[in-house]
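Worksheet: one structure, shown below.
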Amino acid sequence: MNFIVHKLVLNKLRNLTVDEILEHSQEYQVPLSPLQASQIVQFLRQNRLDPFKEDDRLQMLKALAQITDTQTAQKTHQIFLQLAKEHGIKL
């Protein structure tokens, strides 16, 4: 993957706002409460995990399942994989 694209994605993840997460959750039909969105933002800012690394991605999904539920984490993972494929990113 292109180094610049990789850094841009990581930077965007670490700087997401609660409102942006809530917008994306509506766009992809993943129900989230404002409290859950806030907890996700806090997690992303406190942890320097890379979703393009399988081990890091699994840690992120486990944390998401704790914040939300397993079904939401699984749906989010499928959306992530789909978006990566659509943009030619190999995981």
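Read the sequence shown against my numbering and you will find it ends at 91, with the numbers running on by one and no gaps. Here a beta-carbon is modelled for each residue, glycine too, at the ideal position from N, C-alpha and C.
query	result
Do the region 44-53 and the region 25-34 touch if we need at least three Cβ pairs shorter than 8 Å?	no
Is the distance from the Cβ of residue 39 to the Cβ of residue 79 below 8 Å?	no
Tell me which same chain residues have a C-beta within less than 6 Å of the C-beta of residue 59, skipping the five on either side of it?	49
Sort 23, 17, 91, 20 by Cα distance to residue 56 and report the nearest one.	91
Would you mind sorting residue 81 into buried or exposed? The rule is 16 or more other CB atoms within 10 Å of its CB.	exposed
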